[in-house]
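Asker: Mind looking over this structure? Questions follow.
Numbering (UniProt numbering), first residue to last: 1 to 562.
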């Protein structure tokens, strides 16, 4: 067994809580009132929500117990969960729903659907017997009508009944596609497991048998899929809000209570670094909010267009008109994507340009210029305190750090004088990250491989051989099924395009922020640490506060690395 395999986001939450509490204790020691600091990791954010749903007796509760290790979760044969049971899994909201889509307890459906609507991740569970007609129909309701394909992980449980082998999994995948179409099972992150085998492996005394049970459970594949989902959706960003808030308070208190480095100009330089950090941090948050707002609006328009064209497609008199309507909708989505790209670039250029100007103004003040001149003089006279900082690796990497530029050009001003970083490239390189027009249809997984040169209808796999002909000799049931299938495919295609657009810009924004904002903040933090190392006779209370600040910064770095 591999004890290092873990659901990363769940393992991070206890560390975050501990570091926030450590910071609060340190703040109390210097007399700071910590009542305004929430103990909740998601104080200002929506908590991450994972909902387990599926047919009764599919093993949802067993899987939940396998993941969380909670012993009090009731498991067994039959309907063991009567209501939606909520659990706090290290700060994650986990909901175990009653079995849905059963004629035994139809009231359970509504309980489950309400929980599903609010979920970030839906874990849908079936047994190795897969779907019957009734369960399959309702599963597609979640997949298509609720647009949960991009937020779903499909688990096939109880594979030990037939053998959890690659051959059996391939057979099941072919059967699953009959229900998941137009999506492939791989689009839904389908995993074949046996939860009871995992639970049995924990109590089995024979180590060899325990290992066999563990391998049969396929636990590690499930955890890998969960971690990939969290990373793809960028959900870890919700974990940093409370850390940034606490760090901001800790650093303010440190600045208010810190002792001198022994040199007033070095103290002034440290204060400037803190102010610069705050300017960049605030700009980064504003940038993320603005871009997400633009993307949310675009994805909403795409989904709305998908519903519109799917609902109206059979109102047309002939196939040619229907083709034209879908082609127009297809082109409309392309235009939305193009406009989204343009709006994102414009907003980033505007906000990044504003940041550049703000930093230029900040370093162009008389105080900054005089400080720069005094530091240069002290460096030339080999002042020991100043030399320690200016000669450090942190300030001379590549010859472009703060003091390198300051010393090299006394007459320099603005960003070039004190920064020497890549902040001046903020606007220049926006096009590098966002300039290439994103093609949503090329990114939709289940349409890849289908000829893009054909009619728009062919892109979605929609066939109107029967649907557009209303004749007495056409079987009405077949026609209804075809119409429903075509509408579902159309809606699913547009929903997927919206999801891919969101994923694209989320990744692009993360990369841009990491290169031009987070890297700068990390450099500033390193520079401040170097200055702090020169401080003398610091109190124990401030030592603890600075240690707490470093712990929080390290945790933020870990989260950003996921």
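For glycine and all other residues, C-beta sits at the position ideal for the given N, C-alpha and C.
The structure presented is a predicted model; accordingly, all values stated were derived computationally and were not measured.
Can you name the start and end residues of the alpha helix (DSSP H) that residue 292 belongs to?
Answerer: Unbroken alpha helix (DSSP H) run through residue 292: 264-312.
Asker: Tell me the rounded alpha-carbon separation between residue 369 and residue 23.
Answerer: Those two C-alpha atoms are separated by around 36 Å.
Asker: In terms of residue numbering, what span does the beta strand (DSSP E) encompassing residue 85 cover?
Answerer: Residue 85 -> beta strand (DSSP E) spans 85-89.
Asker: Determine the closest residue to residue 156 out of 172, 295, 150, with distance taken between C-alpha atoms.
Answerer: Here the closest residue by C-alpha is 172.
Asker: Quick check on the burial criterion: 16 or more other C-beta atoms within 10 angstroms. Buried or exposed for residue 36?
Answerer: Per the 10 Å Cβ criterion, exposed.
Asker: Which class does residue 499 belong to by DSSP, given the choice of helix, strand or coil?
Answerer: In this structure, residue 499 counts as helix in the three-state DSSP scheme.
Asker: Would you give the residue range spanned by the beta strand (DSSP E) that residue 54 belongs to?
Answerer: Note, residue 54: beta strand (DSSP E), 49-54.
Asker: Tell me which same chain residues have a C-beta within less than 8 Å of the C-beta of residue 543, skipping the five on either side of it?
Answerer: None.
Asker: Provide the residue span of the beta strand (DSSP E) that contains residue 146, from first to last.
Answerer: Residue 146 -> no beta strand (DSSP E), and no H or E assigned at all.
Asker: How is residue 131 classed by DSSP in three states: helix, strand or coil?
Answerer: Correct three-state label for residue 131: coil.
Asker: Should residue 295 be counted as a contact of the ligand NAP given a C-beta to heavy atom distance under 7 Å?
Answerer: Judged by which ligands are present, the structure shown has none, so any question about the ligand NAP falls away.
Asker: Measuring straight from C-alpha to C-alpha, what distance separates residue 524 and residue 373?
Answerer: Each residue's alpha carbon lies about 21 Å from the other.
Asker: For the 8 Å Cβ check, are there 3 or more pairs between the region 202-210 and the region 144-162?
Answerer: Output reads no: the region 144-162 does not touch the region 202-210.
Asker: Decide if residue 393 is buried, meaning its Cβ has at least 16 other Cβ atoms within 10 Å, or exposed.
Answerer: Because the pLDDT at residue 393 is just 46, under 50, the model does not fix this residue reliably, and the value given afterwards should be weighed accordingly. Looking at its Cβ environment, which holds fewer than 16 other Cβ atoms inside 10 Å, residue 393 is exposed.
Asker: By Cβ distance, which residues of its chain are closer than 8 Å to residue 218, with the 5 residues on each side in sequence left out?
Answerer: Once the five neighbours on either side are set aside, the close Cβ partners of residue 218 are 159, 164, 191, 192, 193, 194.
Asker: Taking the DSSP output, what are the residues bridged to residue 192?
Answerer: Answer is 156, bridged to residue 192.
Asker: Got a sec, what are the start and stop residues for the alpha helix (DSSP H) residue 175 sits in?
Answerer: First-last of the alpha helix (DSSP H) with residue 175: 166-180.
Asker: Rounded to a whole number of angstroms, what is the C-alpha to C-alpha distance between residue 212 and residue 227?
Answerer: So the two alpha carbons sit approximately 24 Å from each other.
Asker: In terms of alpha-carbon separation, which member of 56, 87, 55 lies closest to residue 64?
Answerer: Ranking 56, 87, 55 by Cα distance to residue 64 puts 87 first.
Asker: Contact between the region 279-289 and the region 513-533: three or more CB pairs below 8 Å?
Answerer: Yes, the region 279-289 is in contact with the region 513-533.
Asker: Pop quiz: residue 617 and residue 188 are said to be a contact at Cβ under 8 Å. What is the actual Cβ separation, rounded to whole angstroms?
Answerer: Outside the displayed span of the chain (1 to 562) sits residue 617, for which this structure offers no information.
Asker: Here's a check: name, in chain order, each residue in its chain whose Cβ is nearer than 7 Å to the Cβ of residue 185, leaving out the five neighbours to either side.
Answerer: If we look at residue 185 and ignore the five residues flanking it on each side, its Cβ neighbours are 154, 173, 176, 177.
Asker: Tell me, to the nearest whole angstrom, how far the beta carbon of residue 95 is from that of residue 57; I am working on the premise that it is less than 8 Å.
Answerer: Contact doesn't hold; Cβ gap of about 18 Å is too wide.
Asker: Pick out the complete alpha helix (DSSP H) segments inside the region 324-379, 4 residues or longer, and give them in chain order.
Answerer: DSSP runs (the alpha helix (DSSP H)) wholly in the region 324-379: none.
Asker: In three-state DSSP terms, what is residue 16?
Answerer: Note: residue 16 maps to helix in three-state DSSP.
Asker: How big is the Cα-Cα spacing for residue 399 and residue 521?
Answerer: Reliability fails at residue 399, whose pLDDT of 34 lies under 50, so the model's placement of it is uncertain and the value that follows must be treated cautiously. Rounded to the nearest angstrom, the two C-alpha atoms are 19 Å apart.
Asker: Since I believe residue 344 is in contact with residue 294 (beta carbons under 8 Å), could you give me their beta-carbon distance rounded to a whole number of angstroms?
Answerer: The pair is a contact, with the Cβ atoms about 6 Å apart (cut-off 8 Å).
Asker: Enumerate in chain order the residues of its own chain whose CB-to-CB distance from residue 78 is below 7 Å, with the five nearest sequence positions on each side excluded.
Answerer: Note that residue 78 has pLDDT 43, beneath the 50 cutoff, so the model's placement of it is unreliable and the number below is only indicative. Counting only Cβ-Cβ distances below 7 Å, and skipping sequence neighbours, we find 57.
Asker: Run through DSSP, which three-state label would residue 124 get?
Answerer: Correct three-state label for residue 124: strand.
Asker: List the endpoints of the continuous beta strand (DSSP E) containing residue 522.
Answerer: That residue, residue 522, is in no beta strand (DSSP E); its alpha helix (DSSP H) goes 519-532.
Asker: Looking at the structure shown, is residue 95 part of a helix, part of a strand, or coil, going by DSSP?
Answerer: Residue state, collapsed to three classes: strand.
Asker: Whose C-alpha, out of 487, 69, 365, 376, is nearest the C-alpha of residue 265?
Answerer: Answer by Cα proximity: 376.
Asker: Spatial neighbours of residue 336 within its chain, please: CB distance less than 7 Å, with the 5 preceding and 5 following residues excluded, ordered by chain position.
Answerer: Once the five neighbours on either side are set aside, the close Cβ partners of residue 336 are 298, 301, 302.
Asker: Taking the beta carbon of residue 324 as the centre, do at least 16 other beta carbons fall within 10 Å, making it buried, or is it exposed?
Answerer: Residue 324 comes out exposed.
Asker: Does the beta-carbon of residue 496 have 16 or more other beta-carbons within 10 angstroms, so that it is buried, or is it exposed?
Answerer: It counts as buried.
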